[in-house]
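**Q** Residue numbers (UniProt numbering): 1 to 289.
1) Excluding the five sequence neighbours on either side, which residues of its own chain have a C-beta within less than 6 Å of the C-beta of residue 183, listed in chain order?
2) What ranges does the alpha helix (DSSP H) occupy inside the segment 234–265, keeping only unbroken runs of at least 4 residues that lie completely in it?
3) Between the beta-carbon of residue 83 and the beta-carbon of residue 126, is there less than 8 Å?
4) Going along the chain, which unbroken runs of the beta strand (DSSP E) with 3 or more residues stay wholly within the segment 105–178?
5) Please name the residue or residues paired with residue 180 in a DSSP beta bridge.
6) For residue 104 versus residue 150, is the C-beta spacing smaller than 8 Å?
7) With distances taken between CB atoms, is the gap from residue 108 to residue 14 smaller than 8 Å?
8) Give me the Cα-Cα distance between residue 33 and residue 269, rounded to the nearest whole angstrom.
9) Starting from residue 267, trace the beta strand (DSSP E) in both directions and tell me its first and last residue.
10) Tell me whether the segment 210–222 and the segment 247–260 touch, counting them as touching only if at least three CB pairs, one residue from each stretch, are closer than 8 Å.
11) Closest by CA to residue 208, which one among 236, 63, 90 and 58?
12) Can you find the residues in the same chain that come closer than 8 Å, C-beta to C-beta, to residue 156, ignoring five residues on each side of it along the sequence?
13) Would you kindly work out how many angstroms separate the C-alpha atoms of residue 63 and residue 47, rounded to a whole number?
14) Quick check on the burial criterion: 16 or more other C-beta atoms within 10 angstroms. Buried or exposed for residue 188?
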């Protein structure tokens, strides 16, 4: 259990790292990737050559017997929501960090990226249920609050219900938002909830995994426990077929997640706990510009 002094120290470290990354790497990429994606209606004016015909207002045009175009303007501020899975499986980790540690750091960086661009940031921390809702706001203090909650909030339940988190997002967030879902996506029932959320919001999934999620070590007989159900079973990891089946199950699940996001019109990133997440995020931001 972290002491108050440890928490304050860790929050400060995350703020410093997030600000440094935001200033030197993400400011331009974040702005280019998301600014202009939220457009609000401004007015109608007479159609002129070169106007996009998709924006002709046919009702007004019929009324005045002359073509009129809708004009839109870039929304000056955006809202970023973090949907963060803090279920029991997030506590797993065998290399540099637990999945929860990586998710906390990525969440802090994303929150400060939004806030440094004068956008609002909020968060929904979930497991089987909603553990914490942080309404979107601006400002450094709010970024620090989100970071502190990501760092210290412990789930009351072990399981994962991504659909419930997505439904809660839709019910509490009226305007179109940028939504990052940070999870290992071990819940197999979220595809329909994702499809609904994807129609309203710009949803990006970040699938965080540990190397041992993908590959078993050759370590003989192992007693393994499902962190969320408590189910235990023995695995003979010295058997090649056992290790192969384990790895194939991981890749099959990853492919299913990818297809679910693609069908919903959303993006999905895969990040290992031993990987440089900065490069993955930067490449994603640049690819969206």
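Don't be surprised by glycine CBs; every beta carbon is placed ideally from N, CA and C.
**A** Taking the structure as given:
1) The residue labelled residue 183 in the question sits at position 183 within the chain shown. Answer for residue 183: 85, listed in chain order.
2) 240–263
3) The sequence position of residue 83 within the chain shown is 83, counting from 1. The sequence position of residue 126 within the chain shown is 126, counting from 1. Yes, Cβ-Cβ distance for residue 83 and residue 126 is below 8 Å.
4) 120–126 and 130–137
5) The count along the chain shown starts at 1 and reaches residue 180 at position 180. Paired residues: 82 and 204.
6) Translated into the one-based positions of the chain shown, residue 104 becomes position 104. Translated into the one-based positions of the chain shown, residue 150 becomes position 150. The answer is yes: Cβ separation under 8 Å.
7) Position 108 of the chain shown, counting from 1, holds the residue named residue 108. Position 14 of the chain shown, counting from 1, holds the residue named residue 14. Yes, these two residues count as a Cβ contact at 8 Å.
8) As a first step, residue 33 must be located in the chain shown, where it is residue number 33. As a first step, residue 269 must be located in the chain shown, where it is residue number 269. Straight-line spacing of the CA atoms in residue 33 and residue 269 works out to 15 Å.
9) Counting from one through the chain shown, the residue named residue 267 turns up at place 267. 267–272 is the span of the beta strand (DSSP E), which, as asked, contains residue 267.
10) Segments in contact, yes.
11) Reading the chain shown from its first residue, position 208 is the one you call residue 208. Taking only the C-alpha atoms, the option nearest residue 208 is 90.
12) Residue 156 sits at position 156 when you count from the first residue of the chain shown. Result list for residue 156: 127, 129 and 131, in chain order.
13) Here residue 63 refers to the residue found at position 63 when the chain shown is read from its first residue. Here residue 47 refers to the residue found at position 47 when the chain shown is read from its first residue. Approximately 14 Å between the Cα atoms of the pair.
14) As a first step, residue 188 must be located in the chain shown, where it is residue number 188. Exposed, by the Cβ-count rule.
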